[in-house]
Amino acid sequence: MVKLLVLLLMMSLLVSCGPKRTVQRTDVNTTIDLSGRWNDTDSRLVAEEMIRDCLQSAWIGNFKSQNSGKSPVLIVGRVANKSHEIINTDTFMNDLERVLVNSGTVEFVADSTQRQQLRSERADQLQHSRDDTVKGPGKEIGADYMVQGSIATIVDEAGEQKVVFYQVDLELIHVESNRKVWMLQKKIKKIVERASNSW
């Protein structure tokens with residue numbers, strides 16, 4: 205029993221002697237760049253700027269004039285990470301979707317993973333739901349265009365400095381014909397000063 209009490213006392217001392225941390229809440233739109241790597245601010249700002257350009261380009265007017273004013277239906281495809289960093293491209297894709305949906309200019313459909321879940325739900329409803337509430341198959345809206353892209357980097361370093369160059373490429377492709385109707389490239393360059401024993 206005494207050994208157990210001594211052990212518990214030692215553990216509590218070790219925990220209390222650990223490094224102290226302070227946490228400060230900040231506005232999510234505040235730009236904070238601690239490491240110089242791709243971050244939430246880069247993702248949000250790049251997505252907003254690129255989609256703004258996309259929605260102001262000629263393709264959307266052309267589509268509406270050829271389709272009796274109907275809004276185009278979009279889906280976000282794959283955004284490939286070709287960089288040297290581990291980048292959560294899902295977050296960037298979600299930023300793209302958010303800007304597109306909130307624009308009210310285009311319609312948007314679920315991605316392939318979401319569609320599989322919805323199809324499973326509809327199949328389940330066919331077996332278990334009341335007839336007047338069943339959402340049947342064959343009523344999905346097909347996308348007219350897919351947004352695809354990539355994030356790539358070039359790193360140059362010497363001594364205490366490192367320059368990281370990010371290039372984000374997006375393109376909008378007509379699903380039926382494979383025509384590329386819009387392309388844009390966004391570039392970001394960051395100079396990162398390193399402390400004496402880091403990297």
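Residues 205 to 403, numbered by our numbering, are exactly what the sequence shown covers, in order.
We put the beta carbon where it would ideally sit given N, CA and C, even for glycine.
field: Sequence-distant residues of the same chain with beta carbon closer than 6 Å to Y370, five excluded per side
entry: Taking the sequence shown and counting its residues from 1, the one referred to as residue 370 is at position 166. Closer than 6 Å at Cβ, skipping near neighbours: T357 and I392.
Boundaries of the beta strand (DSSP E) in which W242 is found, first to last residue: By one-based count along the sequence shown, residue 242 stands at place 38. Looking at the DSSP string, W242 is not in any beta strand (DSSP E), and its letter there is neither H nor E.
task: Report the partner residues of R386 according to the DSSP bridge assignment.
output: Within the sequence shown, the letter at position 182 stands for residue 386. First, the amino acid is wrong: residue 386 is Trp here, not Arg. Beta-bridge annotation (DSSP): W386 is paired with L376.
message: With a threshold of 7 Å on Cβ separation, who are the neighbours of I291 within its own chain once the five nearest residues in sequence on each side are excluded?
response: Sequence index remark: in the sequence shown, residue 291 carries index 87 (1-based). Contacts found: W242, N285 and I355.
- request: Inspect the beta-carbon positions of E301 and V283 and report whether they are closer than 8 Å.
  value: Taking the first residue of the sequence shown as position 1, residue 301 is located at position 97. Taking the first residue of the sequence shown as position 1, residue 283 is located at position 79. Cβ distance not < 8 Å, so E301 and V283 don't count as in contact.
task: Taking only the alpha-carbon atoms, compute the straight-line gap between Q321 and Q331 and give it to the nearest angstrom.
output: Translated into positions along the sequence shown, residue 321 becomes position 117. Translated into positions along the sequence shown, residue 331 becomes position 127. Their Cα atoms are separated by approximately 16 Å.
message: In whole angstroms, give me the CA-to-CA distance for S316 and Q352.
response: In the sequence shown, the residue the question calls residue 316 occupies position 112. In the sequence shown, the residue the question calls residue 352 occupies position 148. So the two alpha carbons sit approximately 14 Å from each other.
field: Sequence-distant residues of its chain with Cβ nearer than 6 Å to I395 (five each side left out)
entry: Position 191 of the sequence shown holds residue 395. Cβ within range, chain order: V367.
message: Distance check for K343 and L304, CA to CA, integer angstroms please.
response: Counting from 1 along the sequence shown, the entry for residue 304 is found at position 100. Counting from 1 along the sequence shown, the entry for residue 343 is found at position 139. C-alpha separation (whole angstroms): 22 Å.
message: Please report the distance separating the alpha-carbon of I255 from that of D360.
response: Your numbering for residue 255 matches position 51 in the sequence shown. Your numbering for residue 360 matches position 156 in the sequence shown. Our two residues, I255 and D360, have alpha carbons roughly 29 Å apart in a direct line.
message: Excluding the 5 residues flanking M387 on each side, which residues of the same chain have their C-beta closer than 6 Å to its C-beta?
response: Translated into the one-based positions of the sequence shown, residue 387 becomes position 183. Only E375 meet the Cβ criterion.
- prompt: Exposed or buried, what is L278 when buried is set at 16 or more other beta-carbons lying within 10 Å of its beta-carbon?
  reply: For the purposes of this step, residue 278 is taken as the residue at position 74 of the sequence shown. Its Cβ being crowded by 16 or more others within 10 Å, L278 is buried.
- request: Using a threshold of 8 Å, state whether the C-beta atoms of S247 and T309 are closer than that.
  value: By 1-based counting over the sequence shown, the position of residue 247 is 43. By 1-based counting over the sequence shown, the position of residue 309 is 105. No, Cβ-Cβ distance for S247 and T309 is not below 8 Å.
query: Taking the beta strand (DSSP E) that R282 falls in, what are its first and last residues?
result: Indexing the sequence shown from 1 puts residue 282 at position 78. Its beta strand (DSSP E) spans residues V277 to K286.
- prompt: Would DSSP call K391 helix, strand or coil?
  reply: Reading the sequence shown from its first residue, position 187 is the one you call residue 391. The answer is strand: DSSP assigns K391 an E or B state.
query: V250 by DSSP, collapsed to three states: which one?
result: Counting from one through the sequence shown, the residue named residue 250 turns up at place 46. DSSP places V250 in helix when its eight states are reduced to three.
query: Near T293, which residues of its chain fall below 6 Å by C-beta distance, leaving aside the five closest residues on each side in sequence?
result: For the purposes of this step, residue 293 is taken as the residue at position 89 of the sequence shown. Contacts found: V283 and N285.
- request: Determine, using beta carbons only, whether D299 and A347 come nearer to each other than 8 Å.
  value: For this step, residue 299 is matched to residue 95 along the sequence shown. For this step, residue 347 is matched to residue 143 along the sequence shown. Taking 8 Å as the Cβ cut-off, D299 and A347 do not qualify as a contacting pair.
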